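Notes to accompany the following structure.
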Amino acid sequence: MAVWIQAQQLQGDALHQMQALYGQHFPIEVRHYLSQWIESQAWDSIDLDNPQENIKATQLLEGLVQELQKKAEHQVGEDGFLLKIKLGHYATQLQNTYDRCPMELVRCIRHILYNEQRLVREANNGTSPAGSLADAMSQKHLQINQTFEELRLVTQDTENELKKLQQTQEYFIIQYQESLRIQGETGVRGSMCLEDGVRTRKKLIRLEETQFSIRRRFPLSGVAENDFDYSGEILNNCCVMEYHQATGTLSAHFRNMSLKRIKRSDRRGAESVTEEKFTILFESQFSVGGNELVFQVKTLSLPVVVIVHGSQDNNATATVLWDNAFAEPGRVPFAVPDKVLWPQLCEALNMKFKAEVQSNRGLTKENLVFLAQKLFNSSSSHLEDYSSMSVSWSQFNRENLPGRNYTFWQWFDGVMEVLKKHLKPHWNDGAILGFVNKQQAHDLLINKPDGTFLLRFSDSEIGGITIAWKFDSQERMFWNLMPFTTRDFSIRSLADRLGDLNYLIYVFPDRPKDEVYSKYYTPVPCEPATAKAVDGYVKPQIKQVVPEFVSASSDSAGGSATYMDQAPSPAVCPQAPYSIYPQNPDPVLDNDGDFDLDDTMDVARRVEELLGRPMDSQWIPHAQS
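Numbering of the sequence shown is given in full-length UniProt numbering, commencing with residue 1 and proceeding in unit increments.
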């Protein structure tokens, strides 16, 4: 028996759980009108972790959109007009939402079908029929209902086709009568007028189609103009629409539009200015046939948030994300659920993450478990334990995380920001583990050789990333470097900082560091030791050092050379000694402790040069600044 027919028989809490599966990401109307097609597709045969399966997912998306459009075309008459517009809108919405990530559509529908089957199975197991006869009658009743539903769908399609033919016939009669009237009035010029009339009607039909397409994309949802509260003044808010012959659409580009002032409403409770949503009302008027027919159209934009400083951007983005992800079609502006299920939020976060970072590497199951642990303050490592848990808007971006001064969204937005600006190549290469806490990092490194390190997102710094590595010394075994932020990477890149720390040898689990990061090192030109300063200035060099670790590792090695005493990474060139006087008492010894005649002669020549210069009693050697 069809799952959807059984799902419609659910009652009570099971019915509410079934309804919660649907939303803007996949409307329940699509499930209803395409139930047979959806259940006949092999959704489970697609491997979500195999990129080659993306072609099959794209084909399923195209098939779903085509079925919706076909269903919309068959809706005629007054009752079918609104349904036709709504189904067409859903087809466009699904195409735009999943065009770049068809795998997400497969994941969404598989999740819905799995939960529907589970709810139906639980409902069937939970019932207690009075005897086998009652059970048989119930099954028979369901089979009859299924047959009636199938017959109704078939007859409805036939009825729609009949109405469509009747409308075509009526249109033909009107056109024929209009043609006879024009011929009688114009006589010889009748044929010419007929051609002009046909051309005019073609333009009118195209404009009417454009009008309807606008309404499908941005429905007013039955809101009257009197319900609008004008809250701001927009400058440069008028422009001329352009008609595109190829696509049959009108478009307008507001290039210099700006907001002059905004009037905010009274906020209630803990609401902030970044939670207040506005919409832009677009109005247009155009005429056809020498002003004989004048059309006036209006539409609302998607919700917008007005901010006055860049520091409010992340909270405003959270408001827009929550609204776009969870608002129901046809709602009253701006009604949005206060709570959603964790799997729904996972889908929204993953989609936002890939779009913001512009990466095909999304959030894995392990990443989502980490985020759930962070949000719910839980220690469970099984994603299934969170599938029935709800997330409120307050948990998402109003209340701070336990023991922190930031919200869950602010932390997640900081991760996306640092990845997008500085670390996207490393994330795509899989060189950043990212979503692990300090204890998990230690557990991963404990059985690895010294010098193995991993990169994880800081739990104490928004947008920070830290290096955790293993080196067993007398002081400690695991080391965690102070987090780097966007400001640090603007000064020196992550790859160069890792290249400076020669005691970091392997990227977790066992990849050589230079093999992973050498292509991102900044090349440094190697100048000869005899290079002279330009205009009296010497060249500095920025290099990442960790004095505390060097000291601890030296004590652990008992004063002997360790594996840390290596040459710099390939892209870093050692600088020539520009100082006039030696920095240590043994300048004539090289790194191996051997006597270096060339260095000794250089020092002697410099001393001789200084002795040959005239001396001033007040002259003190110093370096120019």
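By construction, the Cβ of each residue, glycine as well, lies at the ideal position given by its N, Cα and C atoms.
Please read these numbers as outputs of a predicted model, since none were measured by experiment.
Shown here, Pro-343 sits in a helix according to DSSP, grouped into three states. In this structure, the beta-carbon distance from Asn-350 to Glu-104 falls below 9 Å.
When DSSP states are grouped into helix, strand and coil, Ile-262 belongs to the strand group. Secondary structure note for Lys-56: its alpha helix (DSSP H) is the uninterrupted segment 54-73. Exclusion of the five residues before and after Phe-489 leaves His-422 as the residues of its chain whose Cβ lies within less than 6 Å of its Cβ. Here DSSP, grouped into helix, strand and coil, assigns Lys-420 to helix.
Taking the Cα of Lys-424 as reference, the smallest distance to any Cα among Val-436, Ala-495 and Gln-177 is reached at Ala-495.
Asn-96 and Leu-445 have their alpha carbons spaced roughly 43 Å apart.
About 15 Å separates the CB atoms of Thr-274 and Asn-324; that is not less than 8 Å, and the two are not in contact.
Around the Cβ of Glu-548, a 10 Å sphere holds fewer than 16 other Cβ atoms; the residue is exposed. One thing to note: Lys-163 has its Cβ no nearer than 9 Å to the Cβ of Gly-63. From the listed residues Gly-536, Arg-492 and Gln-143, the smallest Cα separation to Ile-542 is found for Arg-492.
Just measuring C-alpha positions, the residue of Ile-467, Gln-544 and Pro-512 sitting nearest Leu-501 is Gln-544. Judged by DSSP in its simplified three-state form, Thr-407 adopts strand.
Within the model, the alpha-carbon separation for Phe-254 versus Gln-358 is close to 27 Å. Setting aside the 5 residues that flank it on each side, Val-391 is surrounded in the same chain by Lys-339, Val-340, Leu-341, Trp-342, Leu-345 and Leu-375, each with a C-beta closer than 8 Å to its C-beta; the list follows chain order.
Distance from Phe-282 to Phe-370 at the Cβ level is roughly 42 Å; contact not present, criterion being Cβ atoms closer than 8 Å. The secondary-structure analysis by DSSP pairs Ile-467 across a beta bridge with Leu-455. The C-alpha of Arg-181 lies about 30 Å from the C-alpha of Gln-296. For the options Pro-402, Pro-329, Leu-48 and Val-305, the alpha carbon positioned closest to that of Ile-109 is the one of Leu-48. A distance below 7 Å between beta-carbons, with the five flanking residues on each side excluded, links Ala-348 to the following residues of its chain, in chain order: Leu-321 and Ala-325. According to the DSSP assignment, Glu-233 belongs to the beta strand (DSSP E) that extends over 232-235.
Non-local C-beta neighbours of Ala-91 in its own chain, meaning closer than 6 Å and more than five positions away in sequence, comprise Val-65, Leu-68 and Gln-69, ordered along the chain. In this structure, Ser-301 lies away from Arg-264, with their beta-carbon atoms at least 9 Å apart. Bounds of the alpha helix (DSSP H) holding Leu-368 are 365-376. Counting C-beta atoms within 10 angstroms of its own C-beta, Leu-82 has fewer than 16 neighbours from the protein chains shown and is therefore classed as exposed. Using a Cβ distance threshold of 9 Å, Leu-119 and Glu-29 do not count as a contacting pair. Between Ala-57 and Val-106 the beta-carbon gap is near 5 Å, inside 8 Å, which marks them as a contact.
In this structure, DSSP gives Leu-300 an extended state, which the three-state scheme calls strand. Scanning its chain for C-beta atoms nearer than 7 Å, with the 5 sequence neighbours on each side dropped, one finds around Glu-461 the residues Pro-483 and Thr-485, in chain order.
Annotation for Thr-522: no beta strand (DSSP E) segment contains it, and DSSP assigns it neither H nor E. Ser-458 is not a Cβ neighbour of Thr-452, given a cutoff of 9 Å. DSSP places Ser-392 in the strand class (E or B) of the three-state scheme. Looking at the DSSP output, Trp-479 sits in a beta bridge with Trp-469.
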